[in-house]
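The working numbering puts the first residue of the sequence shown at 2, with every later residue one more than the last.
C-beta atoms are modelled at their ideal positions from N, C-alpha and C, and glycine is treated no differently.
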Amino acid sequence: MKDRQMKHRVIFKLKNSFPAYRGSPLLFIAEFLAKILQILGPLGLIRLYGKKKKEPVPMAWVDIWVLGLLIVELISLILLDFDVSWLRYLCFLFGIYGLVEVLAATSRDIILAPIIHKGSNGGYIQIRSRRRWLILTVFNLAQIIVCFGILIYYYKDQFTGNISSWVTALYISFVSFTTLGYGDFSPKCDTTRWIVIAELSYFLFFLIIKISTAVSVIRVKKKGLHRLTD
């Protein structure tokens with residue numbers, strides 16, 4: 002009897018974790034990939050813990066995690082100065098993981114949140130603190146620039162020009178992300194070209210989703226300060 006109950010619980014959990022088909026194959030695939038990204042990040046585990054306790058995840062947990070991850074990524078970028086193969090590879094992995102984490106957070110906002118939170122006008126993104134959300138968006142942008150700086154510095158020999166320091170790699174990442182161009186530095190192989198393509202894709206992804214949402218948040222605050230009277 003207990004084994005049967007346990008089996009039903011496992012099946013129920015699997016059904017809940019698997020995305021439901023909503024009439025669109027594209028939406029189904031997007032939701033499936035978004036849920037996989039949530040599993041890869043510790044923040045996803047924290048949210049599952051909060052869901053189990055039927056309580057919202059404390060904002061401080063998320064803040065500490067995002068800030069801590071950004072600090073670790075900066076340290077990883079600096080440590081690439083040391084010519085130690087295993088250390089450089091570990092820093093490279095931190096850079097990859099940071100990009101996955103940011104992508105998971107963004108996909109949660111655009112794909113999963115509107116499914117979880119629904120009102121009379123359809124799905125929406127729940128923001129507990131607008132000012133905090135804007136600050137975290139800036140941190141996410143910094144994470145992207147630093148993480149791509151890690152990848153660029155890791156493959157520094159595959160770029161034209163002399164990338165002699167982590168500051169130069171960070172500079173190249175910044176101007177690539179903002180699509181300003183980087184003059185004497187350009188990718189020499191397919192791997193580094195894909196890195197540049199990926200960074201520009203992240204920029205467009207953030208431009209469409211995060212930055213547009215941030216503008217909406219600012220507009221909401223502005224309207225709240227200037228109410229129209231009859």
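For residue i: DSSP bridge partner residues
i, result
"Phe160", "Pro188"
Residue i versus the options, residue with shortest Cα-Cα distance
i, options, result
"Val67", "Ala199, Tyr172, Trp134", "Trp134"
"Cys92", "Tyr172, Ile151, Phe186", "Ile151"
"Val139", "Leu208, Ile79, Met60", "Leu208"
"Glu74", "Phe83, Leu100, Trp62", "Leu100"
"Asp64", "Glu200, Val85, Ser202, Arg132", "Arg132"
"Trp167", "Asp84, Ile210, Asp191", "Asp84"
"Thr193", "Asn163, Ile164, Ile210, Ile153", "Ile153"
Whole-angstrom C-beta distance between residue j and residue i, which should lie under 8 Å
i, j, result
"Ala170", "Asn141", "At roughly 19 Å, the Cβ-Cβ gap does not stay under 8 Å, so Ala170 and Asn141 are not in contact."
CB contact flag (residue i, residue j, <8 Å)
i, j, result
"Lys1", "Gln159", "The structure shown does not extend to residue 1, since the chain is modelled only from 2 through 231, so no value can be given for it."
"Leu71", "Val176", "no"
"Leu81", "Arg89", "yes"
"Ile97", "Tyr156", "no"
"Ile198", "Phe186", "no"
"Phe204", "Phe178", "yes"
"Phe149", "Glu200", "yes"
Heavy atom of the ligand MN within 7 Å of residue i beta-carbon
i, result
"Ile151", "This structure does not include the ligand MN; it has no bound ligands of any sort."
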